[in-house]
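Before any comments, here is the structure.
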Amino acid sequence: MFDPDCNEAKGITMPNRVFVVGVGMTKFEKPGGRGARGTDHEAGKEGWDYPDMARESGTKALADAGVEYAEVQQGYVGYCSGDSTSGQRALYELGMTGIPIVNVNNNCSTGSTALYLAAQSIRGGLADCTMALGFEKMQPGSLGGGAQDRESPLGRHVKALAQIDEFAFPVAPWMFGAAGREHMKKYGTTAEHFAKIGYKNHKHSVNNTYAQFQEEYTLDDILGSKMISDPLTKLQCSPTSDGSGAAILASEAFVDSHGLAGQAVEIVGQAMTTDFASTFDGSAANIIGYDMNVQAAQQVYDQSGLGPADFQVIELHDCFSANELLLYEALGLCGAGEAPTLIDNDDTTYGGRWVVNPSGGLISKGHPLGATGLAQCAELTWQLRGTADKRQVAGVTAALQHNIGLGGAAVVTAYQRAER
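This is the structure we're talking about:
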């Protein structure tokens with residue numbers, strides 16, 4: 014524990030507290046779901062482009078916070094597909110106040126990386142009010158492989174996995190499927206355990222009007238859908254999506270001066286990790302980020318003084334059902350090899366020890382890469398406020414968020430209501 018008096022005597026400044034005071038998001042749509050071309054106000058073109066997405070999510074977040082865009086001192090905008098200053102163009106829909114705007118790209122953890130940077134600015138005393146916003150306008154189908162004239166950021170990961178599992182397309186489901194097969198071989202996990210995660214998350218999304226899919230499936234439907242990478246069927250894989258999410262972050266002084274304590278949610282722990290040498294130790298789980306997840310979670314538990322048992326609701330990165338299963342163990346919800354028992358006991362849904370992905374998760378809510386982390390933040394903010402409607406988890410006092418991008422970065426965040 015820190016001794017504030019001792020630190021003050023040494024000239025050490027303690028980090029400022031950081032609060033989420035406003036959140037907003039769009040409905041997540043299949044690519045082109047609201048029109049293949051977006052609005053160009055000068056040319057009068059119609060559709061749903063990233064400026065429209067940003068205006069919708071950003072306006073909602075500002076209204077939720079009850080602040081004007083002119084009060085935002087810094088902006089951090091995440092996206093994976095787009096031009097170099099798309100972040101500026103996105104926030105110009107909300108105002109043109111000359112503030113610093115930083116464009117952020119960290120693969121699938123882009124949204125939570127923008128959140129991390131916006132929080133870091135307040136934590137370090139550089140700003141009192143910041144905005145994190147993420148969006149994505151994606152192409153239909155599996156993710157592409159990027160530029161052909163340079164080394165892929167995932168090239169080393171793919172080569173390492175190909176040494177222990179036969180290479181296959183599409184690459185992303187192959188990578189996570191390989192980690193699932195490894196778990197099956199090591200611990201006796203079955204295809205049904207993975208399918209039960211898909212079943213759960215689709216069932217949760219029925220109550221989420223922001224979700225790309227709101228259809229409940231039977232377990233047989235999940236198991237019987239098209240095989241993508243054994244044991245992962247189509248209904249256990251996150252879809253490509255268009256959409257946006259946003260959050261307004263504030264310092265304690267800003268919360269007090271604006272009377273926002275009643276709606277503020279505090280970030281009580283937050284950590285980002287990147288790949289360790291162990292990523293390439295010959296384990297499929299580590300290649301898809303297991304060690305990154307373990308270390309980020311432990312840092313957050315140390316910062317917050319909370320442990321897995323202290324959270325009631327969790328939004329985590331279920332890009333594929335195999336990743337959610339592995340995350341139960343990486344985040345410390347159970348020991349190594351014990352995730353199937355959690356699943357069989359319904360410990361990760363309503364009535365269980367935790368409710369994991371009440372939003373429907375990436376599998377059913379959708380996965381617009383730059384927006385995912387901020388949509389998770391929005392869901393957990395609503396859960397802590399008690400305003401999540403039919404998705405509301407009973408007695409929420411603390412919430413945990415996990416978001417990962419291969420190549421790689423993992424971001425874990427812990428939240429509590431401000432008055433606690």
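Read left to right, the sequence shown gives residues 14 to 433 (the numbering used here). All C-beta atoms in this analysis are idealised placements derived from N, C-alpha and C, irrespective of residue type, glycine included.
- Contact holds between the segment 421 to 429 and the segment 268 to 282, because three or more Cβ pairs, one in each stretch, are under 8 Å apart.
- Per DSSP, Ser242 is one residue of the beta strand (DSSP E) stretching across Met240 to Ser242.
- Under the criterion of beta carbons closer than 8 Å, Lys150 and Ser97 do not qualify as touching, at roughly 15 Å.
- In the three-state reduction of the DSSP assignment, Thr246 falls in the strand class, which pools E and B.
- Rounded to the nearest whole angstrom, the CA to CA distance from Tyr89 to Lys198 is 42 Å.
- The alpha helix (DSSP H) runs of length 4 or more contained entirely in the segment 247 to 330 are, from start to end of the chain, 265 to 270, 297 to 300 and 303 to 317.
- Counting only the Cα atoms, Met109 lies some 44 Å from Gly345.
- The straight-line gap separating the alpha-carbon atoms of Phe226 and Tyr314 is approximately 33 Å.
- Judged by beta-carbon spacing, Leu75 lies beyond the 8 Å limit of Leu104, meaning their Cβ atoms are not closer than that value.
- Of the other Cβ atoms in all chains shown, 16 or more fall within 10 Å of the Cβ of Gln414; this residue is therefore buried.
- If you draw a straight line from the Cα of Phe32 to the Cα of Tyr63, it is about 26 Å long.
- For Val90, there is no enclosing alpha helix (DSSP H); the enclosing beta strand (DSSP E) has its first and last residue at Gln87 to Gly91.
- Using a Cβ distance threshold of 8 Å, Ser257 and Glu392 do not count as a contacting pair.
- No Cβ-Cβ contact shorter than 8 Å links Ala352 with Glu195.
- Taking all protein chains shown into account, Ala290 has fewer than 16 neighbouring C-beta atoms within 10 Å of its C-beta and is therefore exposed.
- Excluding sequence positions up to five before and after Ala173, its CB lies within less than 6 Å of the CB of Phe293 and Ile300, all in the same chain and listed in chain order.
- By alpha-carbon distance to Gln308, the top candidate from Asn120, Val406, Asp288 and Leu319 is Asp288.
- Counting C-beta atoms within 10 angstroms of its own C-beta, Met38 has 16 or more neighbours from the protein chains shown and is therefore classed as buried.
- DSSP lists Gln283 and Gln414 as the beta-bridge partner residues of Thr426.
- DSSP places Val31 in the uninterrupted beta strand (DSSP E) bounded by Val31 to Met38.
- By the beta-carbon neighbour count (other beta carbons within 10 angstroms, threshold 16), Pro113 is exposed.
- In the three-state reduction of the DSSP assignment, Phe182 falls in the coil class, being assigned neither a helical nor a strand state.
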